[in-house]
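Chains A and B are the protein sequences, given in the same order.
Counted the way our numbering counts, the first sequence spans residues 102 to 301.
Counted the way our numbering counts, the second sequence spans residues 3 to 218.
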Amino acid sequence: MTRIHNDPGPRLALAKPSFGNNEAELELIRRVSLRDRAALRDLYLLYHRRLSRFLMRVTQRQDLVEEVINDTLLAVWNSAERFRGDSRVSTWIVGIAYRRALKSMRRRTFEIIALEETEIPAGFDSVQACETQEWIEGALDELPIEQRMCLELAYVLGHSCEEIAAITSCSVNTVKTRLFHARRKLSTLLPRLAGISDGG
Amino acid sequence: MADENRMHRSSDNHEQCWELIPWVVNGRASDTDERAVLAHADSCAECREELNRHRELHKHMRGSDDVIPAPNASLQKLMGQIEAESAAPVVKAYRIKRPWLVAALWLQLVAIATLAGALFRSSAPVEPAYTTLSMPETLDRRAAVRVVFAPNASLDRINQLLRSVECDIVGGPSEAGVYTLSAAADKDVQGIISTLREQSEVLFAERSQALAGTPR
């Protein structure tokens with residue numbers, strides 16, 4: 102399939118609403134802006150799991166995950182009074198986490214380079230389930246960080262295209278372009294993945 | 003023509019469906035879009051393959067939460083950090099975040115002070131450069147008397163007067179016609195001045211500045 106991806110592309114019908122209760126989260130943010138520590142604790146527990154899953158996948162470092170989550174919630178604590186509710190609370194908080202993670206990862210580029218490279222096996226028939234995981238992770242590691250982040254935000258946190266654009270502070274078209282290139286590369290790196298559910 | 007339009011619509015539909023696949027997979031596509039993509043994937047091998055690939059990818063990436071540690075320890079750490087910040091607000095307020103900016107401001111301040119000093123020096127009032135009629139152009143140590151002769155005084159008469167008081171012209175005439183005369187050291191300057199003042203050819207005679215304040 103040939104496709105030049107510099108036009109807006111197909112329209113996206115209004116996306117289904119995001120998971121989570123934005124009204125309840127807005128109330129928590131309002132309380133946090135009044136320096137209510139119990140509200141911050143509730144918000145922390147609400148976001149710890151989903152941010153951990155997302156950050157662990159992109160950083161692969163537990164210490165970094167905890168550092169970014171705490172930095173993010175500290176930023177929420179310090180700037181809750183400035184949150185105007187223009188976006189969903191989850192978009193705002195994940196946006197902060199995204200920027201902190203990106204900054205932290207760029208600071209530690211030398212460590213990432215030092216990580217052992219994962220070989221992507223040519224055949225699939227003989228590999229076991231755990232090897233499939235490695236295979237997929239190896240392919241994802243091949244993607245530029247911005248493209249990978251878009252995919253992670255969509256699949257791990259379940260964000261819509263518009264939400265990802267807000268989180269990453271770029272246009273919807275940029276998100277579409279990043280995903281387009283990520284998918285083209287993955288279709289080359291994971292040619293047989295499409296057949297796994299059919300029995301491989 | 004109808005076939006071409008149908009093909010064009012089909013191509014558009016394929017591209018739209020291909021692009022919507024991630025949002026169908028993560029559940030964020032609208033019901034209408036999801037139905038359209040699934041219907042198209044039934045008849046399009048490429049989209050069906052892509053849909054399957056991304057369903058697998060999604061399943062893998064969502065994974066399990068088994069490895070996520072309990073948040074208690076890091077939550078306590080965050081609360082401790084907030085406590086520490088609220089306990090020392092003044093320190094935080096005065097912490098210098100950009101030392102290079104402070105250095106630049108100091109440098110700017112020094113530069114401004116230097117320029118202001120230079121400007122002040124260049125605009126400071128200087129002594130006015132003017133002369134009075136009675137002021138000698140240059141102070142001559144030999145000068146004893148300053149004298150102005152009448153315009154109609156002849157040269158012979160002036161020489162005669164100078165010989166009578168035993169003085170020599172050592173300066174002048176100035177712009178105002180003032181001559182400076184020297185006298186021998188043992189001469190009475192005041193006497194010379196009195197003699198000169200008695201002559202009709204002399205309009206003005208006085209003690210020279212070089213001798214002013216030196217009584218003789």
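We put the CB at the ideal spot given by N, CA and C, even for glycine.
Remember, predicted model here, so these are calculated numbers, not experimental data.
Can you check whether the C-beta of residue i is within less than 8 Å of a C-beta belonging to chain B?
| i | result |
| --- | --- |
| A:S134 | no |
| A:H149 | yes |
| A:Q161 | no |
| A:E247 | no |
| A:R138 | yes |
| A:I170 | yes |
| A:L203 | no |
Using a Cβ cut-off of 7 Å, pull out every chain A residue sitting near residue i, in sequence order please.
| i | result |
| --- | --- |
| B:G82 | Under the 7 Å cutoff, chain A gives no residues; its nearest Cβ is about 10 Å from B:G82. |
| B:H62 | Q234, I237 |
| B:P73 | Y145, L146, H149 |
Can you give the Cα-Cα distance for residue i and residue j, rounded to whole angstroms?
| i | j | result |
| --- | --- | --- |
| B:R165 | B:A185 | 11 Å |
| A:L141 | B:H56 | 36 Å |
| A:A267 | A:S191 | 11 Å |
| B:E17 | A:K277 | 13 Å |
| A:S227 | A:E126 | Note on A:S227: pLDDT 44, under 50, position unreliable in the model; the coordinate value appears next. Rounded to the nearest angstrom, the two C-alpha atoms are 47 Å apart. |
| A:E264 | B:T116 | 55 Å |
| A:L252 | A:I237 | 13 Å |
| B:V204 | B:A145 | 18 Å |
| B:E85 | A:R131 | 20 Å |
| B:S202 | B:Q211 | 24 Å |
| A:S288 | A:R158 | 20 Å |
| A:A283 | A:A139 | 41 Å |
| B:E48 | A:Q161 | 33 Å |
| B:D188 | B:F122 | 52 Å |
| A:S205 | A:L280 | 23 Å |
| B:R199 | B:L163 | 11 Å |
| A:N171 | A:M250 | 20 Å |
| A:I194 | A:K286 | 29 Å |
| B:G193 | B:F206 | 14 Å |
| A:Y148 | B:A106 | 42 Å |
| A:Y199 | B:P24 | 20 Å |
Name the chain B residues whose beta carbon is nearer than 9 Å to that of residue i?
| i | result |
| --- | --- |
| A:K286 | Those do not exist, as A:K286 stays about 12 Å from chain B at its closest Cβ, beyond 9 Å. |
| A:R158 | M63, G65 |
| A:L244 | Under the 9 Å cutoff, chain B gives no residues; its nearest Cβ is about 12 Å from A:L244. |
So with CB distances below 8 Å, who are the chain A contacts of residue i?
| i | result |
| --- | --- |
| B:L77 | R142, Y145, L146, H149 |
For a contact meaning CB atoms closer than 7 Å, what does residue i contact in chain B?
| i | result |
| --- | --- |
| A:E167 | S76 |
Using a Cβ cut-off of 8 Å (strictly closer), state whether residue i contacts chain A.
| i | result |
| --- | --- |
| B:L59 | yes |
| B:R37 | no |
| B:A41 | no |
Just mark residue i as buried or exposed, buried being the case when its beta carbon has 16 or more other beta carbons within 10 Å.
| i | result |
| --- | --- |
| B:Q110 | exposed |
| B:V147 | buried |
| B:N54 | buried |
| B:F151 | buried |
| B:A31 | buried |
| B:A89 | exposed |
| B:G153 | According to the sequence displayed, residue 153 of chain B carries Pro and not Gly. So B:P153 counts as exposed. |
| A:G186 | exposed |
| B:E58 | buried |
| A:E232 | exposed |
| A:R201 | buried |
| A:Q234 | exposed |
Which bits of chain B does residue i rub up against, with CB to CB less than 8 Å?
| i | result |
| --- | --- |
| A:L294 | N54, R55, E58, L59 |
| A:K277 | E21 |
| A:L291 | R55, L59 |
| A:L319 | The shown model of chain A, from 102 to 301, leaves out residue 319 of chain A, and the question about it has no answer. |
| A:L174 | L80 |
**Request:** Please name the residues in the region 177-188 of chain A whose beta-carbon is closer than 8 Å to at least one beta-carbon of chain B, in chain order.
**Result:** W178
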